[in-house]
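Reviewing the structure listed below.
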Amino acid sequence: MMSINPFIGRVTATNRITLHPMETRTFTGFVRKMKNTDAAITEAFEDEHSHSAIVCPRVVTVNNAGRTARIPVRICNVTARPIKIKARQSLCQLNEVQVLCEAPVLEPLTAAIQTETEKKGKAKDGNIKDQYGVNLEQTDLTDD
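Just so we're aligned, residue 1 is where the sequence shown starts under the UniProt record's numbering, counting upward by one.
Dropping the structure here:
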């Protein structure tokens, strides 16, 4: 069942953070989960801009027991001044991960490549008949 609101929670800083100019670091944030999910993505707030640092979107796991979780948040300071983030200040928001299309993860890569080459080979055989007027019998040909 897919929910309408993907918002899971607001990640806050556990300690005071000082980011120097052009520095990127990963900090541990704290979140009170509003619903139980296995995976979530860290994103910047859509409605407010609390500090001038950029939050790098990352997929994190939040499947631990309880209503709280520790979340790694990657923050990048692209300004020329140091940024100071106070303890308990909001860093980012956690949104539910939504899968748009499913990749064949369990299928071996060689099997996917072989099916593509077989499709191309059949298309080439059809083109030989059209271009040269030669009819090739598939029974005499080997896979090599």
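Virtual Cβ for every residue (Gly too), placed ideally from N, Cα, C. Just so you know, these numbers come straight off a predicted model, no measurement behind them.
Query	Result
N77 classed as buried or exposed, judged by whether at least 16 other C-beta atoms fall within 10 angstroms	buried
Q89 - DSSP class collapsed to helix/strand/coil	coil
Distance between beta carbons of I83 and G29, contact taken as under 8 Å	Actually they do not touch by this definition, with Cβ atoms about 15 Å apart.
Coarse secondary structure for T18, derived from DSSP in three states	strand
Those residues which DSSP pairs with P72 across a bridge	T28
Cutoff 6 Å; reference F45; Cβ partners in own chain excluding five residues on either side	Q93
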